[in-house]
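Engineer:
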Amino acid sequence: MSATRLLVLGVVQIYGQAHGYQVRQELLSWNADKWANVQPGSIYHALKKLTKEGLLELVEPTGEPGGPDRVAYRVTASGEAQFDRLLQTMLAEVRDDSGGTDLAAALSFLPALTRERAISLLTYRLTQLEGKKANLDAVLLHGSDWGQPEHVNALYRMWLSQIEAARTWTNDLIERLRAGEYAMADDTDPASYPPKSPS
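Written out as structure tokens, the structure reads:
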């Protein structure tokens, strides 16, 4: 639910106010149904739950002339704080159980951060990856002495290769940010985050 919460809060924040269909269409245009498994039902469920928790608030129904009225949502001050917390946590922390969806969701809103903050969070992530690599190196070196079957090393080598790929990718992103790539929240470029709400 963390990735869905971040994605829904973030999309509503981008629009300023949005109804469920807009949030759904926006996330579908990002293919979030595939990489984050965000299905229409989970979007509407998240909108209701986030409203109940006070992170979103209802706005007067909106609609096209002659079309149906739609319930619209707006992010509250608490919702903005929750969005910021989720974004920073998902970008900084290496999680073994999220299948990468938390990081993917966080990357979707990377421009919401200042350049310095994004680099700091990614550097923290890199430190965690270094620690995981050190642990795997130790297990590969001493695992048999500790009573682990030798064939289990194949699993540790797979995890080690994934950690090494993640380290390379994280270093690359940090360097790109340092080089000034991507429009970030503190950039003076008018294209910086958040994008203008659709008219």
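Here full-length UniProt numbering is used: position 140 in the sequence shown is 140, and no number is missing along the way. We put the beta carbon where it would ideally sit given N, CA and C, even for glycine.
Please check if any C-beta of chain B sits within less than 7 Å of the C-beta of R5.
Structural biologist: Judged by its chain identifiers, the structure shown contains no chain B, having just a single protein chain.
Engineer: For A72 and V38, I'd like the C-alpha separation in whole angstroms.
Structural biologist: In the sequence shown, counting from the first residue as 1, residue 72 sits at position 72. In the sequence shown, counting from the first residue as 1, residue 38 sits at position 38. About 19 Å.
Engineer: Count the other CB atoms within 10 Å of the CB of D145; is the residue buried (16 or more) or exposed (fewer)?
Structural biologist: As a position in the sequence shown, residue 145 is number 145, starting the count at 1. Burial call: exposed.
Engineer: So, do the stretch 4-16 and the stretch 39-46 have three or more beta carbon pairs nearer to each other than 8 Å?
Structural biologist: Contact between the stretch 4-16 and the stretch 39-46 is present, because at least three Cβ pairs lie under 8 Å.
Engineer: Is L9 closer than 7 Å to G100 when the C-beta atoms are compared?
Structural biologist: Here residue 100 is taken as the residue at index 100 of the sequence shown, counted from 1. Here residue 9 is taken as the residue at index 9 of the sequence shown, counted from 1. Taking 7 Å as the Cβ cut-off, G100 and L9 do not qualify as a contacting pair.
Engineer: Would you check if the stretch 155-173 and the stretch 115-130 touch, i.e. whether three or more CB-CB distances between them fall below 8 Å?
Structural biologist: Taking 8 Å as the limit for Cβ pairs, the verdict is that the stretch 155-173 does touch the stretch 115-130.
Engineer: Roughly how many angstroms lie between the CA atoms of V59 and R74, to the nearest whole one?
Structural biologist: On the sequence shown, residue 59 is found 59 positions in, with the first residue counted as 1. On the sequence shown, residue 74 is found 74 positions in, with the first residue counted as 1. Roughly 7 Å separates the two Cα atoms.
Engineer: Grouping DSSP H, G and I as helix and E and B as strand, with all else coil, what is Y73?
Structural biologist: Indexing the sequence shown from 1 puts residue 73 at position 73. Y73 falls in the strand class under three-state DSSP.
Engineer: For D172, report the span of its alpha helix (DSSP H) as first-last.
Structural biologist: Numbered from 1 along the sequence shown, position 172 holds the residue referred to as residue 172. Run containing D172: N153 to R178, per the alpha helix (DSSP H) assignment.
Engineer: Do L87 and F109 have their C-beta atoms closer together than 7 Å?
Structural biologist: The residue labelled residue 87 in the question sits at position 87 within the sequence shown. The residue labelled residue 109 in the question sits at position 109 within the sequence shown. For L87 and F109, yes; Cβs fall inside 7 Å.
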